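A.B. asks: As they're listed, the protein sequences go chains A, B and C. The letter at position 134 of the first sequence is residue 134 when you use this note's numbering, and the numbering goes up by one with no holes. Converting from the second sequence to this note's numbering requires adding 224 to each position, the first position being numbered 1. Converting from the third sequence to this note's numbering requires adding 453 to each position, the first position being numbered 1.
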Amino acid sequence: MSSMSVTRATLMKDLRMEWRSKDAINSMLFFSLLVVVIFSFAFNPTAEESRLIAGGLIWVAFLFAAVVALNQTWARELRNQVLDAYRVSPAPPNALFLAKALGNFLFVAVLEVLMAPLFVVFYQLRSVGPLWQLVVVALLGTWALVVNGTFFAAMSIRTRNREIMLPLILFPISIPALLAMVDSTTGILTGEFSPDFWIKLLLVYDVIFTAVCLLLFESVLNAE
Amino acid sequence: MKSISIAFIIFTLALLSFSTYQALVVAPTEATMGEVQRIFYYHVPSAWVAGLCFFVNFLASITYLINRKPNADAMAAASAEVGVVFCTIVLITGPIWARPVWGIWWTWDARLTTTLVLWLIYVSYLVLRRFAAGSQTQVLSAVLGIFGFVDVPIVYMSIRWFRTQHPSPVMGGGESSGLAPAMLQAFLWNLLAFTCLGVAFVMARYHLQKVENQVESEHAQLALQGGTR
Amino acid sequence: MTGTNASSIQPVVVLQNLVKFFGRFAALRDISDSFAPGRLYVIVGDNGAGKSTLLRVVAGLMQPSQGFVKLLGAKPAREVANRVGYMGHAPLLYDELDGMENLCYFAGLYGLDDEGVCRRAMEQVGLDPQLERRVGQYSQGMRQRLSLARAVLHDPELMLLDEPFSNVDVHSAQEMAAILGRVRDRGKTIFVVTHQAPLVEAVADEFVQMAAGQIVSRKPMTRSAQPVSTVAGEPL
Numbered sequence: 001m002s003s004m005s006v007t008r009a010t011l012m013k014d015l016r017m018e019w020r021s022k023d024a025i026n027s028m029l030f031f032s033l034l035v036v037v038i039f040s041f042a043f044n045p046t047a048e049e050s051r052l053i054a055g056g057l058i059w060v061a062f063l064f065a066a067v068v069a070l071n072q073t074w075a076r077e078l079r080n081q082v083l084d085a086y087r088v089s090p091a092p093p094n095a096l097f098l099a100k101a102l103g104n105f106l107f108v109a110v111l112e113v114l115m116a117p118l119f120v121v122f123y124q125l126r127s128v129g130p131l132w133q134l135v136v137v138a139l140l141g142t143w144a145l146v147v148n149g150t151f152f153a154a155m156s157i158r159t160r161n162r163e164i165m166l167p168l169i170l171f172p173i174s175i176p177a178l179l180a181m182v183d184s185t186t187g188i189l190t191g192e193f194s195p196d197f198w199i200k201l202l203l204v205y206d207v208i209f210t211a212v213c214l215l216l217f218e219s220v221l222n223a224e
Numbered sequence: 225m226k227s228i229s230i231a232f233i234i235f236t237l238a239l240l241s242f243s244t245y246q247a248l249v250v251a252p253t254e255a256t257m258g259e260v261q262r263i264f265y266y267h268v269p270s271a272w273v274a275g276l277c278f279f280v281n282f283l284a285s286i287t288y289l290i291n292r293k294p295n296a297d298a299m300a301a302a303s304a305e306v307g308v309v310f311c312t313i314v315l316i317t318g319p320i321w322a323r324p325v326w327g328i329w330w331t332w333d334a335r336l337t338t339t340l341v342l343w344l345i346y347v348s349y350l351v352l353r354r355f356a357a358g359s360q361t362q363v364l365s366a367v368l369g370i371f372g373f374v375d376v377p378i379v380y381m382s383i384r385w386f387r388t389q390h391p392s393p394v395m396g397g398g399e400s401s402g403l404a405p406a407m408l409q410a411f412l413w414n415l416l417a418f419t420c421l422g423v424a425f426v427m428a429r430y431h432l433q434k435v436e437n438q439v440e441s442e443h444a445q446l447a448l449q450g451g452t453r
Numbered sequence: 454m455t456g457t458n459a460s461s462i463q464p465v466v467v468l469q470n471l472v473k474f475f476g477r478f479a480a481l482r483d484i485s486d487s488f489a490p491g492r493l494y495v496i497v498g499d500n501g502a503g504k505s506t507l508l509r510v511v512a513g514l515m516q517p518s519q520g521f522v523k524l525l526g527a528k529p530a531r532e533v534a535n536r537v538g539y540m541g542h543a544p545l546l547y548d549e550l551d552g553m554e555n556l557c558y559f560a561g562l563y564g565l566d567d568e569g570v571c572r573r574a575m576e577q578v579g580l581d582p583q584l585e586r587r588v589g590q591y592s593q594g595m596r597q598r599l600s601l602a603r604a605v606l607h608d609p610e611l612m613l614l615d616e617p618f619s620n621v622d623v624h625s626a627q628e629m630a631a632i633l634g635r636v637r638d639r640g641k642t643i644f645v646v647t648h649q650a651p652l653v654e655a656v657a658d659e660f661v662q663m664a665a666g667q668i669v670s671r672k673p674m675t676r677s678a679q680p681v682s683t684v685a686g687e688p689l
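#1: Interface residues of chain B around F212 of chain A at Cβ under 8 angstroms?
#2: With 9 angstroms set as the bound, which would you pick, yes or no: does the beta-carbon of R734 of chain C sit closer than that to a beta-carbon of chain B?
#3: Identify the continuous alpha helix (DSSP H) that holds A664 of chain C and give its terminal residues.
#4: Check distances from the C-beta atoms of the segment 616-645 of chain C to those of chain F and list, in chain order, the residues that come in under 9 angstroms.
#5: Excluding the 5 residues preceding and the 5 following L125 of chain A in the sequence, name in chain order all residues of the same chain whose CB lies nearer than 8 angstroms to its CB.
#6: What first and last residue would you give for the alpha helix (DSSP H) that runs through G307 of chain B?
#7: Pull up the CB-CB distance for L421 of chain B and L240 of chain B, whole angstroms please, since I reckon it's below 8 angstroms.
#8: Among all the DSSP beta bridges, which residues are the ones paired with T159 of chain A?
#9: When the cut-off is 9 angstroms and only beta carbons count, does V472 of chain C lie next to chain B?
#10: Residue range of the beta strand (DSSP E) that K22 of chain A falls in?
#11: Can you have a look at A75 of chain A and say buried or exposed, based on whether 16 or more other CB atoms are within 10 angstroms of its CB?
#12: How about M17 of chain A and Y547 of chain C: are their beta carbons less than 9 angstroms apart?
#13: What do you reckon, are the CB atoms on V220 of chain A and L352 of chain B nearer than 9 angstroms?
#14: Given a limit of 8 angstroms on CB to CB distance, which residues of the segment 377-388 of chain B reach chain A?
#15: For the pair the segment 176-186 of chain A and the segment 56-76 of chain A, tell me if three or more CB-CB distances fall below 8 angstroms.
#16: Roughly how many angstroms separate the alpha carbons of V82 of chain A and A543 of chain C, rounded to a whole number?
#17: Any Cβ of chain A within less than 9 angstroms of the Cβ of S359 of chain B?
#18: Taking A657 of chain C and D499 of chain C to be in contact with their CB atoms under 8 angstroms, please state how far apart those CB atoms are, rounded to whole angstroms.
#19: Residues of chain A with a CB under 7 angstroms from the CB of V341 of chain B: which are they?
#20: Which stretch, first to last residue, makes up the alpha helix (DSSP H) that contains V88 of chain A?
#21: Name the chain B residues that come within less than 7 angstroms of D483 of chain C, Cβ to Cβ?
#22: Measuring alpha carbon to alpha carbon, tell me which residue in B:H431, B:M257, B:M427 is nearest C277 of chain B.
#23: By how many angstroms is the C-alpha of H648 of chain C removed from the C-alpha of D567 of chain C?
#24: Does any C-beta atom of chain A lie closer than 9 angstroms to the C-beta of V516 of chain C?
#25: According to DSSP, is L216 of chain A part of a helix, a strand, or is it coil?
#26: Starting from V497 of chain C, follow its DSSP beta bridges and name the residues at the other end.
#27: L224 of chain A to Q360 of chain B, Cα distance in whole Å?
#28: By a C-beta neighbour count over all protein chains shown, 10 Å radius and 16 as the cutoff for buried, is W19 of chain A buried or exposed?
#29: Taking T185 of chain A as the reference, which of A:L139, A:P90, A:R162 has the closest Cα?
#30: To be precise: take each residue of the segment 106-135 of chain A, compare its Cβ to all Cβ atoms of chain C, and keep it if any distance is under 8 angstroms. Which residues remain?
#31: Work out the CA separation of Y266 of chain B and L412 of chain B for me, nearest whole Å.
#32: For a contact defined as C-beta to C-beta under 9 angstroms, what are the partners of E487 of chain B on chain C?
#33: Hey, does H443 of chain B have any beta-carbon neighbour from chain C nearer than 9 angstroms?
#34: In three-state DSSP terms, what is M407 of chain B?
#35: Measure how close the beta-carbons of L98 of chain A and T7 of chain A come, nearest whole angstrom, since I'm counting them as under 8 angstroms.
#36: Nearest-angstrom Cα distance between E399 of chain B and F39 of chain A?
Structure follows, in structure tokens:
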């Protein structure tokens, strides 16, 4: 038993369970569509203005969709107290965390891949800057949200108001990452400034917080 | 111990009176902004004390995770609360200063925005403390305290860069503008006074928390012996 | 206090001044005791006596407020997790997976990737490995059996079972008790918390009575005979 095999086994198990209870995926997809449509009504997209605010809008939409998804991740482990079975085993806690984080990453990435074209269509977006930069920003930014989101979801699941607690503690700490995602996306879409600093910041953010999460997850898992 | 505390409190109050006198009377009126600039003597020291409190919270959180002693958690709780209070002072004095000078309440100035984000992070810390279930409160909040403080430099850098990209009015000097010597003196006195005030508040709150913890553990020991439920 | 005749053998579980607080409530009040290996201990007592709490602390799911626990010579930790099996009050299974999928996943956590182990474990508790029904649709008896299978999958030396017979029909329960007896005969140590003492009388080595967070009595049994003294387990 190695950490990697436990992570892989847990990830496969989660994906299998997610696939079987398709309601979670379907309702998430529909929710994402709703978010995009409502944003379109709230922020009327004429071509010029939209490119300016699109960076912000997309990421806020992804953020809200992600939070709904993140809350469900640990709920599955608390049903039947099955998390106890993991804790009692010799499997390392970090393997569990990585599996959950990766699973969430995949899930949110799927949502983004589905929502992005909708945004492009509704807001008639065209990117002045290179597309691959957008992909890099999306990858780094999504991981930034997901790694802390998975960790904080594990914390908030044990509190009295678990649904509201997750966004409450996640959003403030994620502000620098959000700023980076929004501004770099705006920079790439408008072509007006370089996203390089933001990309570096996101990388630093990801590395630091992934390390902190891995360091502290065991304490959270075993908090009674 | 108690007499030292009382002496310190009296000292702090005396210091605060002196520094207030310095700030409101002795320091010269600022050329462009007028009397309202005197808020600076409260605005900046409060920010400093808030940052100090959050740093103490960071150390206390780490200490708690290592040795799980309730005193470390008590210090974490105390420093976070006092830090949020001073942070709130910064966020209130900022707009009070800005309004007469620039005509608007809030300009998303870099320093003020950073303070706002810090305030949000540590308010969320206090909310977590409130709503976590009993015994987990200490571990979970210690963890969040570490996350929060690790974020501070990143918050600062990100907002600074954002403001470099998209400039907007900067509130209040202190960073770029040099201070006239007479102003510097008032500033330093207030810095000292506020630091002492912060220390006094934290120690008082810490002591209160320790007493609460003691009561809990006395009850628990009683339950251990008596077998009552 | 234990009075085992093989006193040179290391006790498998040692409790030293064990205290567990939940806020102001003392669930475990200064317990010091030790337990010899290779026996089936039945822990009985009223609700709230601390039986489940004791099991969870021994399993390492909770930290003691004071004192310590030693099992197999070490503090409960990942080093000895391989040799300990725990069955909780709740099923500790994934409703959305079927029996084999559940077991194979948990086997992976112990480093066992042989499907045969899972199949044998299911057969041992009387379940059909071919069954593709999701655990969420199992009957309670089947769920308890599968939960037991999960706990013993990795052939642990020490088993901690919390209410294994709860809501199980008499026939299944008797089968499970017999399984436990056979496992004990192979040299394993088993702790069973139960309200249904009569079910395990035939296989029990010792009855451990708990009340108000303490162990109040321990009654060794001479097996295949009536108990030495009346045991205050609560028959359901």
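Backbone N, C-alpha and C fix where the C-beta goes; we use that ideal spot for every residue, glycine too. Since the structure is predicted, the reported quantities are computational estimates derived from the model, not experimental observations.
C.D. replies: The structure says:
#1: The sequence given here has Val at residue 212 of chain A, not Phe. Those within 8 angstroms of V212 of chain A in chain B are I370, F371, V374.
#2: Outside the modelled stretch of chain C, which goes from 454 to 689, sits residue 734 of chain C, for which no answer is possible.
#3: No alpha helix (DSSP H) contains A664 of chain C, which is instead part of the beta strand (DSSP E) from 659-664.
#4: Among the protein chains of the structure shown, namely A, B and C, there is no chain F.
#5: Excluding positions up to five away in sequence, the list reads S50, R51, A54, F119, L189.
#6: Taken as a continuous stretch (DSSP letters only), the alpha helix (DSSP H) holding G307 of chain B covers 294-326.
#7: Yes, L421 of chain B and L240 of chain B are in contact; Cβ-Cβ is about 6 angstroms, under 8 angstroms.
#8: According to DSSP, T159 of chain A bridges with B:A356.
#9: Answer yes: the Cβ-Cβ gap between V472 of chain C and chain B drops below 9 angstroms somewhere.
#10: Judged by DSSP secondary structure, K22 of chain A falls outside any beta strand (DSSP E); it is assigned neither H nor E.
#11: Burial call: exposed.
#12: Yes, the Cβ-Cβ distance between M17 of chain A and Y547 of chain C is below 9 angstroms.
#13: Taking C-beta atoms as the reference points, V220 of chain A and L352 of chain B fail to come closer than 9 angstroms.
#14: Along the segment 377-388 of chain B, going in chain order, the ones with a CB nearer than 8 angstroms to a CB of chain A are I378, V379, M381, S382, I383, W385, F386.
#15: Yes, they touch.
#16: Cα to Cα, the separation comes out at about 8 angstroms.
#17: Yes, its Cβ sits closer than 9 angstroms to a Cβ of chain A.
#18: Their Cβ separation, rounded to whole angstroms, is 19 angstroms, which puts A657 of chain C and D499 of chain C out of contact at 8 angstroms.
#19: Simply P172, I175.
#20: Counting along the chain, the alpha helix (DSSP H) containing V88 of chain A begins and ends at 83-88.
#21: Result: L448.
#22: The shortest C-alpha to C-alpha distance from C277 of chain B to any of B:H431, B:M257, B:M427 is the one to B:M427.
#23: About 36 angstroms.
#24: Before going further, note that residue 516 of chain C is Gln rather than Val in the sequence given. Interface residue, yes.
#25: If DSSP states are grouped into helix, strand and coil, L216 of chain A belongs with the helices.
#26: V497 of chain C pairs with C:Q662.
#27: In the sequence on display, residue 224 of chain A carries Glu and not Leu. Roughly 6 angstroms between the two C-alpha positions.
#28: When all chains shown are included, W19 of chain A counts as exposed.
#29: Closest by alpha carbon: A:L139.
#30: Cβ contacts with chain C come from no residue of the segment 106-135 of chain A.
#31: Approximately 11 angstroms between the Cα atoms of the pair.
#32: Residue 487 of chain B falls outside the range modelled here, since chain B spans only 225 to 453, and no answer is possible.
#33: Flagged as an interface residue toward chain C: H443 of chain B, by a C-beta distance shorter than 9 angstroms.
#34: Reduced to three states, the DSSP call for M407 of chain B is helix.
#35: Sure, about 5 angstroms apart at Cβ, within 8 angstroms.
#36: With a pLDDT of only 43 at E399 of chain B, under the threshold of 50, the placement of this residue in the model should not be trusted, and no figure is reported.
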